[in-house]
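Respectively, the protein sequence lines represent chains A and B.
All residue numbers for the first sequence refer to the numbering used here, where the first residue is 1 and numbers rise by one.
All residue numbers for the second sequence refer to the numbering used here, where the first residue is 528 and numbers rise by one.
Note that beta-carbon positions come from the ideal geometry of N, C-alpha and C, so glycine has one too.
Model, not experiment: these values are computed from the prediction.
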Amino acid sequence: MSLDDDLTARSDDSETAQSAHMSLSQITKRYGGVTALDAVDFKCDLGSIHAVLGENGAGKSTLIKVMSGVVTPDEGVMKLAGNPITFAGPSAANAAGIVCIFQELSLLPDLTVADNISIADPPRWFGLIDAGAQRRRAETLLARIGCEDVNPLSLVRDLPLSRRQMVEIAKALAKDPTVLILDEATSALTATDVDRVFEILRLLRDDGISILTISHRMHEIEAVADRCSVFRNGQHVQTFDQGTRTADQIVQMMIGREISTHFPPKPDPGSSETTGEEQPAKALELTAFSWDDRLSNLNLNVEAGEIVGLGGLDGQGQKELLLGLFGVLKATSGTISVNGRPARINSPLDAKKAGIEMALVPEDRKIEGLMLPMSIEDNLAVASLDRLSRGLLVDRHALQAATEDGIRRMQIKVGNITDPVSTLSGGNQQKVVIAKWLMTNPKIILLNDPTRGIDVGTKQEIYHLLRDLAEEGAAILFYSTDYEELIGCCDRVVVMYDGQIVRELEGENITEHNIITSALNINGATP
Amino acid sequence: MTSATYFSDLKVRVAQNTGLCLVIVGFIAFYVFYNMNHPRGFSTAVYIQNSNEVFTLAMVAMAQTVPVLMGGLDLSVGAIMTLVNCLASHLLSGSPIQILLGMITCLATGALCGFINGCVVVYGRIQPIIATLATGAIFMGIALFLRPSPGGNVDGDLSWAATNDLFEVAATYGLFDDGKAAWFQPIAWLPVPLLLILITAAFIWMPFARSVTGRSVYAVGSGEGAAYMSGLNINRAKLAAFTLGGFFAGIGGLYLALQTSSGNADIPQAGAYTLNSIAAVVIGGTSLLGGVGSAIGSIFGALVLRTISFNFRIFEIDPLLQPLFEGVVLLAAVSLGALSVLRVKNTLESFR
Chain A
1 MSLDDDLTAR SDDSETAQSA HMSLSQITKR YGGVTALDAV DFKCDLGSIH AVLGENGAGK
61 STLIKVMSGV VTPDEGVMKL AGNPITFAGP SAANAAGIVC IFQELSLLPD LTVADNISIA
121 DPPRWFGLID AGAQRRRAET LLARIGCEDV NPLSLVRDLP LSRRQMVEIA KALAKDPTVL
181 ILDEATSALT ATDVDRVFEI LRLLRDDGIS ILTISHRMHE IEAVADRCSV FRNGQHVQTF
241 DQGTRTADQI VQMMIGREIS THFPPKPDPG SSETTGEEQP AKALELTAFS WDDRLSNLNL
301 NVEAGEIVGL GGLDGQGQKE LLLGLFGVLK ATSGTISVNG RPARINSPLD AKKAGIEMAL
361 VPEDRKIEGL MLPMSIEDNL AVASLDRLSR GLLVDRHALQ AATEDGIRRM QIKVGNITDP
421 VSTLSGGNQQ KVVIAKWLMT NPKIILLNDP TRGIDVGTKQ EIYHLLRDLA EEGAAILFYS
481 TDYEELIGCC DRVVVMYDGQ IVRELEGENI TEHNIITSAL NINGATP
Chain B
528 MTSATYFSDL KVRVAQNTGL CLVIVGFIAF YVFYNMNHPR GFSTAVYIQN SNEVFTLAMV
588 AMAQTVPVLM GGLDLSVGAI MTLVNCLASH LLSGSPIQIL LGMITCLATG ALCGFINGCV
648 VVYGRIQPII ATLATGAIFM GIALFLRPSP GGNVDGDLSW AATNDLFEVA ATYGLFDDGK
708 AAWFQPIAWL PVPLLLILIT AAFIWMPFAR SVTGRSVYAV GSGEGAAYMS GLNINRAKLA
768 AFTLGGFFAG IGGLYLALQT SSGNADIPQA GAYTLNSIAA VVIGGTSLLG GVGSAIGSIF
828 GALVLRTISF NFRIFEIDPL LQPLFEGVVL LAAVSLGALS VLRVKNTLES FR
């Protein structure tokens, strides 16, 4: 069966058109210049579990946001049971029987489990919430999903993450859905809970509910799905019955993006290692690094002059790894060595200190990266104020020289450096974040998806900058959700899955196929 | 429900409301201590005097609680209380019908002021703290216009009845054989202001907390995004929170007029009530971040604050030290609430 099997797939779809419970035709959604969904046709049937697959940014999340009324499509028609529908918001979709369990939990931490389950439409007695009935309802629903151990009176914030996810499912069931959408609903669950959720999903399917699930775990999809749809670049590639395609064929459908960006050339991988037999200490070395239940036993090193990519699907612990290195997480175990010496990093302040000289370009530039109302100048200077001050006062001349240097180096387009940083475009804001850290002369640079949501031109500048910094001797650890960047930019790529490193790719082995296969953990454990 | 599950439920509830339980226990201990040292301790006269002194602050604290639960802060509660106080000093006289209509007008005015706050916050999209700072100044201005200098005319009978015990109510209005009926005796000693606090809590606050709108107020304070995604009516919750706050402040202002038989547009007094209301809310175990707490806790917060000044009176401590003591109590209450930060494993989360 070939990759371009679309013809058979299409005819397959048209046969089921009569019974399709919910159908989308020619749905398009754009965010600014980015087309998240491109003329998508999609159908799901009652009494069936339908899995949606695709790499990061393939359009899966936008698809379910459209279906559940969170975003309105720019073009196209949605039909429910044959009738065209539009949703004013998530509650309108809920009223129509379409209920979505989102990845970011929608529970209210300060309310009880019973309150949360009945939040939208609690049982009432003379207009007031009937606490007894609400509690019995919670007990019934929790029992239905096998969670009798959760006390309906507990506050949600006191529950562990896996229990919260089960409460989220109970909350969805309280709305009597005909279409139940799960966006990575199993990612926070323990293995026994996952089995239980699957059991519930099968029961719900047999009750005639249409279930749509997004999951990155291939073995879970194999275990539970009836049909699968693959998305790529905002387009619907194919829909087929589960079991009719091999894992490898599915990966082939997910990849195949044309490389559109130019990357700076990589140095010859052998050149640095042939210089002598005495192995220089690694700039950054991580041994048996673990945190909470999110990171387990990570071993990783980055040499000076090297760019190491962190790959894998979103939310596999990459963000936590970077935060852990930067001293943000409490009670980590394992050792971090910098230039061969163990380093104790308990806060970003420690990470900046001489001897470590680490920088982190964080995930969310608007919250963690910038102080939006403050000026461009102040934002640039904020990480290096200690270097720019004499005694207690900030040295205005040194500050001015340093900020001008940073602006020149990153080619930030600014009108007046005393304007609030919020007046800059997204790409220039990100340049400010990077420039702010370059002003501290870091030896180790951690980047958390630095090119998310910025334009192609700025992306290329950032790639060249990273290569230049590496050539100047910095050690760079670079997490990206975009596989193209990992392939084009990195000397080595480390792929993470479920808080563990599952594969390390080097040189010619850094291919989209290899990254996706490891990211989905298709080959099982560490190869 | 078996008694075993009843007690396990009780344990869960107590564990979730440790702050409130501590305040209640602390207040009882503190108040018993006060009465033991008072020459006429544990007497109706003392209860009447104390509950009179607590009433207005308790109402203003309840008024503050509702916006705080929603995640905002209402700097106009003192001003609304003062405005209603001045209005009441004009309206609470004449025939019984006139007085009744006057009381209804006063309470409606309080609710209207709160509703205006809500509109500014919801439709003007202005942060509650600055919106209510502005509206509070406006309400104060109207109060000064109504009552440029202290004074007024308040019905004496009503004033007497409302600020004494139930026996005096019956005696004043010739009810229950002038309060001498045998069945009436067990409750005749109850101070009217205490009873009014209980009625307000039981018949206004508790039903509100159990309504969908009340639940939505908690939900908005706990996480506005999640509340929106759960399909709750956020604007209605905010409007209701401010309106109910204004209504409670109105009750406080109305009572102050009965208690003092006058109206007084006193700017420092209004400011002090607002600040003390915030202190009472925090001492009562309500989180300033929203989502956690209750107006019942704020009543006890007000009781604790007032009991401090009662004790100052009987021990003849320098009253200048009183703010210092109140500050220490407030700081202790806030520190207890901040303990949970120690459990956060990702330090970035403790900043959100």
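Asked, Found
"Short-range partners of chain B found in the stretch 147-168 of chain A, where Cβ spacing is below 7 Å", "ASN151, LEU153, SER154 and LEU155"
"Helix, strand or coil at B/MET597 [DSSP, three-state]", "coil"
"Neighbour list for B/LYS872 in chain A, Cβ cutoff strictly below 8 Å", "TRP291, ASP292, LEU329, LYS330 and ALA331"
"Below-8 Å beta-carbon distance, A/SER91 vs any chain B residue", "yes"
"Cβ-based burial, A/GLY208 [other Cβ within 10 Å; buried from 16]", "exposed"
"Pair within 8 Å by beta-carbon distance, A/VAL494 and A/GLY311", "yes"
"Cβ-based burial, A/SER210 [other Cβ within 10 Å; buried from 16]", "buried"
"Interface partners of B/GLY750 on chain A, CB under 7 Å", "LEU108 and PRO109"
"Candidates A/ARG163, A/GLY89, A/ASN151 and A/GLU75: closest to B/GLN543 by CA position", "A/ASN151"
"Inter-residue spacing [alpha-carbon to alpha-carbon] between A/VAL113 and B/ALA746", "13 Å"
"Buried/exposed call for B/ILE726, threshold 16 Cβ in 10 Å", "exposed"
"Classification of A/GLU273 by the beta-carbon crowding that lies within 10 angstroms, buried from 16 upward", "Note that A/GLU273 scores a pLDDT of 48, beneath 50, so its modelled location is shaky and nothing firm can be said."
"Proximity of A/LYS175 and A/ASN94 at Cβ, strictly below 8 Å", "yes"
"A/TYR497 in three-state terms, based on DSSP", "strand"
"Neighbour list for B/SER757 in chain A, Cβ cutoff strictly below 7 Å", "SER106, ILE119 and ALA120"
"CB contact below 8 Å: B/SER738 versus chain A", "yes"
"Buried versus exposed call for A/HIS397 [16 or more other C-beta atoms within 10 Å across all chains shown]", "exposed"
"contact_flag[the stretch 191-210 of chain A, the stretch 298-309 of chain A] where n(CB pairs < 8 Å) is 3 or more", "no"
"Under the three-state DSSP convention, the category A/LYS29 falls into", "strand"
"Identified DSSP bridge partners for A/ARG227", "A/HIS50 and A/ASP241"
"Residues of the stretch 366-392 of chain A whose Cβ lies closer than 9 Å to any Cβ of chain B, in chain order", "ILE367 and GLU368"
"Proximity test, Cβ basis, 8 Å: B/TYR700 and chain A", "no"
"CB contact check: A/GLY127 to chain B, cutoff 8 Å", "yes"
"Residues, ordered as in the chain, of the stretch 823-852 of chain B that lie near chain A by beta-carbon distance below 9 Å", "none"
"Start-to-end residues for the alpha helix (DSSP H) that takes in B/ASN644", "623-649"
"Distance, B/ASN691 Cα to B/PHE560 Cα", "24 Å"
"A/ILE407 versus A/VAL432, A/LYS459 and A/THR246, residue with shortest Cα-Cα distance", "A/VAL432"
"Interfacial residues, the stretch 438-469 of chain A to chain B, with Cβ spacing under 8 Å", "none"
"Through-space distance from A/LEU46 to A/ASP449, alpha-carbon basis", "38 Å"
"Per DSSP, cross-strand counterpart(s) of A/TRP125", "A/LEU128"
"Interface flag, A/ASP115 vs chain B, CB-CB below 8 Å", "yes"
"Proximity test, Cβ basis, 8 Å: A/ASN94 and chain B", "yes"
"Boundaries (first-last residue) of the beta strand (DSSP E) holding A/SER87", "In the sequence under discussion, the amino acid at residue 87 of chain A is Phe, which differs from the Ser named in the question. Note, A/PHE87: premise wrong, no beta strand (DSSP E); not H, not E."
"Straight-line Cα distance separating A/ARG387 from A/THR287", "32 Å"
"Assigned exposure category for B/PHE672 - 16 Cβ within 10 Å defines buried", "exposed"
"Alpha carbon of A/ALA435 to alpha carbon of A/VAL382, nearest angstrom", "11 Å"
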